[in-house]
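In the working numbering, the protein residues as written are 210 to 733.
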Ligand code: G4P
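Below you can see the structure in the form of structure tokens.
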């Protein structure tokens with residue numbers, strides 16, 4: 210039976226986990242998938258992380274450096290909800306990939322190590338969520354270890370992130386004595402994730418709570434809970450959905466505490482797929498006609514097939530297998546003959562997908578990041594961002610005969626978002642730009658492995674890159690004319706100004722007041 214669009218949309222929760230490395234993102238992901246029945250045994254996600262890395266040569270980088278390069282999506286069900294968990298690379302050199310992925314979620318779970326509090330990557334990722342008004346649920350992890358005082362952690366979130374907190378549960382015990390969570394509003398206790406239902410209690414002084422704590426901690430717990438009730442904010446759903454307040458849960462992903470609380474929260478009040486801004490209008494998730502956009506391209510998911518998968522976030526309507534969609538950038542029709550859903554272990558053909566769902570579309574280079582697919586409407590989704598690269602390099606090829614092949618390969622890598630490519634107006638060889646140095650390593654490995662193109666990188670004389678525009682197009686043209694040697698074009702043929710250093714950029718910005726020098730460009 211085909212699912213009704215409205216009902217399907219209301220069941221969907223599409224989210225990402227943001228965390229500083231080591232806070233427990235992988236462990237939590239695994240536990241969430243376990244609940245959804247997407248995997249059978251704990252340890253599989255981690256094992257998968259390791260195994261994938263040995264599959265192909267270019268993935269060697271990931272193995273050697275112990276970082277996750279691959280972003281993927283995992284779909285699972287729990288009770289009435291369908292969850293799409295979008296995974297993001299942990300290393301900051303792949304930050305642009307993470308930011309693009311965040312453009313495709315409706316909420317985020319922020320994992321915080323209870324002993325460490327807010328760490329630098331948490332802060333950075335949080336800022337991106339705030340820019341996009343993404344509501345955040347907080348999971349304070351590792352309560353089974355020596356941790357900070359819960360009030361102190363809540364205070365740090367409020368101070369450092371300027372975000373209101375509303376603890377929904379409170380930890381019963383800490384470190385070695387951590388033995389469950391207390392639901393503040395419901396007065397109910399859950400010993401651990403093995404317990405499906407919470408046990409209602411009369412209050413923190415009930416026998417049930419006492420039984421979970423050593424005698425010398427009982428009194429303090431009662432006082433602490435009373436204080437939490439008095440001092441902390443209650444949950445305000447509107448404020449949460451607007452991104453001003455975060456509901457907070459305590460737990461231990463490793464020891465199976467608090468994960469069920471979290472998944473229930475996502476189901477109960479996590480936002481369903483939101484309306485998406487397009488260039489000419491806002492698209493509601495429940496509209497009949499299918500619209501979607503590409504936020505990620507991944508090659509070599511399965512090296513045996515050498516395929517290229519475009520990850521598409523459905524924004525409205527129903528994406529059905531076999532349907533003809535319009536690729537708005539080119540105006541050409543495209544047959545969606547084999548859309549796929551991803552689970553932890555497998556991928557399966559997707560017969561139908563709704564707003565909030567993420568499907569993989571195999572293709573041979575037709576789709577690129579930021580593309581919009583519709584049932585015919587001429588709209589473009591904005592908001593998959595492009596960040597001005599921090600590192601600019603020229604690619605040096607040993608064998609000059611292969612220059613054309615290199616050009617094509619770089620073009621493809623740029624379409625996948627591995628690097629950005631800039632072609633100077635003066636005809637000199639293209640410049641690659643990356644946000645983090647590891648992206649250059651990935652580029653090098655992939656050029657070697659996939660295209661047999663061994664390359665080296667050379668310093669470019671430029672170190673700063675900005676997209677240029679002005680309200681008056683003629684002014685942009687005048688600027689370009691006056692700086693021919695320092696202008697290049699990106700993949701969309703949009704002009705960028707290349708400067709030797711920040712000083713020369715500032716100098717030009719002073720002289721050309723009408724020109725905007727942008728560090729972020731939304732794909733179009
Ligand atoms: P990440 O993806 O955010 O980088 O973190 P990951 O889940 O890999 O967890 C980092 C380390 O913290 C792992 O230990 C993991 O077992 C541990 N960990 C995660 N959640 C908890 C928790 O709730 N309590 C405790 N005590 N530890 C937790 P590791 O020694 O680095 O790896 P492993 O060899 O144990 O897998």
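Every residue, glycine too, gets a C-beta built ideally from N, C-alpha and C. Source: prediction; values computed, not measured.
- prompt: How should residue 686 be labelled, buried or exposed, when 16 other C-beta atoms within 10 angstroms of its C-beta is the threshold for buried?
  reply: Burial check for residue 686: the Cβ neighbour count within 10 Å stays below 16, so the residue is exposed.
task: For the stretch 279-355, list the beta strand (DSSP E) runs that are entirely contained and at least 3 residues long, ordered along the chain.
output: The qualifying runs are 282-287, 290-295, 316-322, 345-350.
message: I need the DSSP call for residue 496, collapsed to helix, strand or coil.
response: Reduced to three states, the DSSP call for residue 496 is coil.
task: Report all residues from its chain with a CB closer than 8 Å to the CB of residue 530; omit the five preceding and five following residues, and keep chain order.
output: Contacts found: 545, 546, 547, 548, 558, 559, 560, 561.
field: Through-space distance from residue 575 to residue 613, alpha-carbon basis
entry: Those two C-alpha atoms are separated by around 20 Å.
- request: Hey, could you find the ends of the alpha helix (DSSP H) residue 214 is sitting in?
  value: Per DSSP, residue 214 belongs to the alpha helix (DSSP H) from 214-220.
Residue from 402, 466, 445, 397 with nearest C-alpha to residue 434: Answer by Cα proximity: 397.
- prompt: By how many angstroms is the C-alpha of residue 476 removed from the C-alpha of residue 437?
  reply: Residue 437 and residue 476: Cα-Cα distance of roughly 25 Å.
query: Under 6 Å from any heavy atom of the ligand ADP, does the C-beta of residue 601 make it?
result: In terms of ligand content, the structure shown lacks the ligand ADP and carries the ligand G4P instead.
- prompt: Under a Cβ-count criterion, where at least 16 other Cβ atoms within 10 Å of its own Cβ denotes burial, should residue 343 be classed as buried or exposed?
  reply: Answer is buried; the Cβ neighbour count reaches 16.
query: Would you say residue 353 touches the ligand G4P, meaning its beta carbon is less than 6 Å from a heavy atom?
result: For residue 353, the shortest C-beta to heavy atom distance toward the ligand G4P is below 6 Å.
message: Please state the DSSP three-state secondary structure of residue 263.
response: A caution first: residue 263 carries a pLDDT of 36, below 50, which makes its placement in the model too unreliable to give a value.
query: Residue ranges of each beta strand (DSSP E) run of no fewer than 3 residues wholly in the stretch 349-413, ordered along the chain?
result: With a minimum length of 3 residues, the continuous beta strand (DSSP E) runs that stay inside the stretch 349-413 are 373-376, 378-381, 389-392, 397-399.
- request: Return yes when the C-beta of residue 231 is under 6 Å from any heavy atom of the ligand G4P, and no when it is not.
  value: Yes.
task: Please check the pair residue 296 and residue 648, which I expect to be a contact at CB under 8 Å, by giving their CB distance rounded to whole angstroms.
output: At roughly 18 Å, the Cβ-Cβ gap does not stay under 8 Å, so residue 296 and residue 648 are not in contact.
task: Jot down the residue ranges of each uninterrupted beta strand (DSSP E) in the stretch 566-594, minimum 3 residues, whole runs only, in chain order.
output: Complete beta strand (DSSP E) runs here, min 3: 567-571, 581-583.
message: On the criterion of 16 or more Cβ atoms from any shown chain inside 10 Å, does residue 573 qualify as buried, or is it exposed?
response: Exposed: under 16 other Cβ atoms inside 10 Å.
task: Inspect the beta-carbon positions of residue 337 and residue 226 and report whether they are closer than 7 Å.
output: Not in contact: residue 337 and residue 226 (Cβ atoms no closer than 7 Å).
- prompt: Can you find at least 3 beta carbon pairs, one from the stretch 594-602 and one from the stretch 654-663, that sit closer than 8 Å?
  reply: No contact exists between the stretch 594-602 and the stretch 654-663.
- prompt: Helix or strand or just coil, what does DSSP make of residue 667?
  reply: Reduced to three states, the DSSP call for residue 667 is strand.
task: May I ask which residues mark the beginning and end of the alpha helix (DSSP H) holding residue 476?
output: That run of the alpha helix (DSSP H) goes 468-478.
message: Between which residues of its own chain and residue 333 is the CB-CB distance below 8 Å, once the five residues before and five after are set aside?
response: Contacts found: 301, 304.
field: Per-residue DSSP class, three states only, for residue 491
entry: Residue 491 carries a strand assignment under DSSP once its states are collapsed to helix, strand and coil.
message: In whole angstroms, give me the CA-to-CA distance for residue 347 and residue 231.
response: As the crow flies, the alpha-carbon of residue 347 is around 16 Å from that of residue 231.
message: Rounding to the nearest angstrom, what Cα-Cα distance links residue 392 and residue 716 in this structure?
response: Roughly 58 Å separates the two Cα atoms.
- request: Return the first residue and the last residue of the alpha helix (DSSP H) that residue 717 is part of.
  value: Here the alpha helix (DSSP H) through residue 717 covers 711-720.
- request: Answer with buried or exposed for residue 369, where buried requires no fewer than 16 other C-beta atoms within 10 angstroms of its C-beta.
  value: Residue 369 should be labelled exposed.
query: When the distance is taken between beta carbons, is residue 323 closer than 7 Å to residue 345?
result: No, the Cβ-Cβ distance between residue 345 and residue 323 is not below 7 Å.
message: Between which residues of its own chain and residue 395 is the CB-CB distance below 6 Å, once the five residues before and five after are set aside?
response: Once the five neighbours on either side are set aside, residue 395 has no close Cβ partner at all.
task: Identify whether residue 517 lies in helix, strand or coil by the three-state DSSP scheme.
output: Residue state, collapsed to three classes: strand.
task: Between the Cα of residue 221 and those of 284, 645, 452, spot the shortest distance and give me the residue it belongs to.
output: Nearest to residue 221 by C-alpha distance, out of 284, 645, 452, is 284.
- prompt: From residue 703 to residue 676, what distance separates their C-alpha atoms?
  reply: Between the alpha carbons of residue 703 and residue 676 lies a distance of about 7 Å.
task: State yes or no: is the C-beta of residue 470 within less than 7 Å of the C-beta of residue 378?
output: Cβ atoms of residue 470 and residue 378: closer than 7 Å.
field: Pairwise C-alpha distance: residue 443 and residue 454
entry: Looking at the backbone, the Cα of residue 454 and that of residue 443 are separated by about 10 Å.
task: Assuming residue 363 contacts residue 457 (C-beta within less than 8 Å), just tell me the rounded distance between them.
output: Going by Cβ atoms, the distance from residue 363 to residue 457 rounds to 7 Å, so yes, they are a contact pair.
- request: May I ask which residues mark the beginning and end of the beta strand (DSSP E) holding residue 533?
  value: Looking at the DSSP string, the run of the beta strand (DSSP E) that includes residue 533 is 533-536.
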